[in-house]
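With our numbering applied, the sequence shown corresponds to residues 43 to 291, in that order.
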Amino acid sequence: MRIDIMTLFPSVCEAYLSESIIGRARKDGLVEIKCHDIRDFSKDKHRHVDDYTYGGGAGMIMQPGPIADCFKAICEETNTRPYCIYMSPQGKVFNQETAVRLSKMDNIALLCGHYEGVDERIIEEIVDEEISVGDFVLTGGELPALMVADAVTRLLPGVLSGEECFTEESHFSGLLEYPQYTRPPVFNGKSVPEVLLSGHAANIANWRRREALKRTLIRRPDMLKKADLSRDDLKIIGEICAEIHESDA
Numbered sequence: 043m044r045i046d047i048m049t050l051f052p053s054v055c056e057a058y059l060s061e062s063i064i065g066r067a068r069k070d071g072l073v074e075i076k077c078h079d080i081r082d083f084s085k086d087k088h089r090h091v092d093d094y095t096y097g098g099g100a101g102m103i104m105q106p107g108p109i110a111d112c113f114k115a116i117c118e119e120t121n122t123r124p125y126c127i128y129m130s131p132q133g134k135v136f137n138q139e140t141a142v143r144l145s146k147m148d149n150i151a152l153l154c155g156h157y158e159g160v161d162e163r164i165i166e167e168i169v170d171e172e173i174s175v176g177d178f179v180l181t182g183g184e185l186p187a188l189m190v191a192d193a194v195t196r197l198l199p200g201v202l203s204g205e206e207c208f209t210e211e212s213h214f215s216g217l218l219e220y221p222q223y224t225r226p227p228v229f230n231g232k233s234v235p236e237v238l239l240s241g242h243a244a245n246i247a248n249w250r251r252r253e254a255l256k257r258t259l260i261r262r263p264d265m266l267k268k269a270d271l272s273r274d275d276l277k278i279i280g281e282i283c284a285e286i287h288e289s290d291a
């Protein structure tokens, strides 16, 4: 898979994408990620890529020309048209389902806005989808683009040690992940749950499922509406609700 990031700050993106799991995946050829400086496509001698808004208003808007030329260069380099995503607070909120969908594509291009955003005409011309990482506004699209690139890359074959590294995580299965523990077995008087030390695989799996359901019920009950729940899961949820009600009584 290839991911292209169109940005005013390629060094910021490269710094993150060159480290840890994503950096190793790039070195091993499991994913190709390229960061493109939109300023390189400015026809202004000072490399300006923004201007005042028509109609007045605060802030500057990124011009369509440099972005269009940057995207054109990517298309020519890849000999295809990448699926283009504009990182925008007006987009659909990013989630694990979207990450899985994007991970199945061959090439995506992430457009990072800045200032007050980008000229609407470039959105109409090249953007296939707008994505937000939450109901808040940042100074630029670089952090959201890195979040998307990270979430997508870690789903690619070979990036993590095994599929279970992400299939059991929060949100992938529609539930929050169960609690995790490591050494030492006792820390500040608190012990690791005995079942996790038992070596009994079935009991451990049952405990983890119950804890995932409990955590989701307490922290994100909205997720249960879309989760794929079995009859046993519904029974467990009923038991947990009874326990919570009893403890509050």
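From the three backbone atoms N, C-alpha and C, an ideal C-beta is built for every residue, glycine too. These numbers were taken from a predicted model, which means no experiment stands behind them.
Bridge partner(s) assigned by DSSP for Thr195 | Position 153 of the sequence shown, counted from the start, is the residue given in the question as residue 195. Bridge partners of Thr195: none, in fact.
Does the distance from the CB of Ala191 to the CB of Ile45 come in under 8 Å?
-> Position 149 of the sequence shown, counted from the first residue, corresponds to residue 191. Position 3 of the sequence shown, counted from the first residue, corresponds to residue 45. Yes. Within cutoff.
Whole-angstrom Cβ separation of Met129 and Ala187, contact assumed at under 8 Å?
-> In the sequence shown, counting from the first residue as 1, residue 129 sits at position 87. In the sequence shown, counting from the first residue as 1, residue 187 sits at position 145. Yes, Met129 and Ala187 are in contact; Cβ-Cβ is about 5 Å, under 8 Å.
For Tyr125, which of helix, strand or coil comes out of DSSP?
-> As a position in the sequence shown, residue 125 is number 83, starting the count at 1. Tyr125 falls in the strand class under three-state DSSP.
Residues of its chain near Ile164, where Cβ-Cβ distance is below 7 Å and the 5 sequence neighbours each way are ignored = What you label residue 164 is simply residue 122 of the sequence shown in a count that begins at 1. Cβ neighbours of Ile164 beyond the five flanking positions: Pro106, Ile109 and Ala110.
Own chain residues within Cβ distance below 8 Å of Ser174, not counting five before or after | The residue labelled residue 174 in the question sits at position 132 within the sequence shown. Taken in chain order, the residues that qualify are Met129, Ser130, Pro131, Gln132, Gly133, Lys134, Val135, Phe136 and Pro186.
Can you check the region 112 to 191 for any beta strand (DSSP E) of at least 3 residues that lies completely inside it and give the ranges in chain order?
-> Here the runs fully enclosed are 125 to 135, 149 to 154 and 171 to 174.
Simplified DSSP assignment, three categories, for Met43 = As a first step, residue 43 must be located in the sequence shown, where it is residue number 1. Shown here, Met43 sits in coil according to DSSP, grouped into three states, outside any helix or strand.
Using beta-carbon positions only, say whether Met367 and His78 come within less than 8 Å of one another.
-> Since the first residue of the chain shown is 43 and the last is 291, residue 367 is not available in this structure.
Specify, as a first and last residue, the run of the beta strand (DSSP E) that Ile103 falls within.
-> Taking the sequence shown and counting its residues from 1, the one referred to as residue 103 is at position 61. Residues Met102 to Met104.
Name the residue from Ser215, Arg250, Ala291 and Val201 whose alpha carbon lies nearest to the alpha carbon of Tyr223.
-> The residue given as residue 223 occupies position 181 in the sequence shown. If we check each option's Cα against that of Tyr223, Arg250 comes out closest.
Give me the Cα-Cα distance between Arg252 and Ile278, rounded to the nearest whole angstrom.
-> Residue 252 sits at position 210 when you count from the first residue of the sequence shown. Residue 278 sits at position 236 when you count from the first residue of the sequence shown. Between Arg252 and Ile278, the C-alpha separation is close to 7 Å.
Pull up the CB-CB distance for Leu218 and Arg261, whole angstroms please, since I reckon it's below 8 Å.
-> Working through the sequence shown from its first residue, we reach residue 218 at position 176. Working through the sequence shown from its first residue, we reach residue 261 at position 219. About 6 Å; that satisfies the 8 Å criterion.
Boundaries of the alpha helix (DSSP H) in which Lys76 is found, first to last residue = In the sequence shown, residue 76 corresponds to position 34, counting from 1. That residue, Lys76, is in no alpha helix (DSSP H); its beta strand (DSSP E) goes Glu74 to Asp79.
Indicate the three-state DSSP secondary structure (helix, strand or coil) for Val201 in the structure shown.
-> The count along the sequence shown starts at 1 and reaches residue 201 at position 159. Note: Val201 maps to coil in three-state DSSP.
If we ignore side chains and look at the alpha-carbon of each, how far apart do Lys267 and Cys283 end up?
-> The sequence position of residue 267 within the sequence shown is 225, counting from 1. The sequence position of residue 283 within the sequence shown is 241, counting from 1. Looking at the two C-alpha atoms, the distance is approximately 16 Å.
Supposed contact pair Ala151 and Gly216 - C-beta distance, whole angstroms, cut 8 Å | Counting from one through the sequence shown, the residue named residue 216 turns up at place 174. Counting from one through the sequence shown, the residue named residue 151 turns up at place 109. That pair is no contact at about 29 Å.
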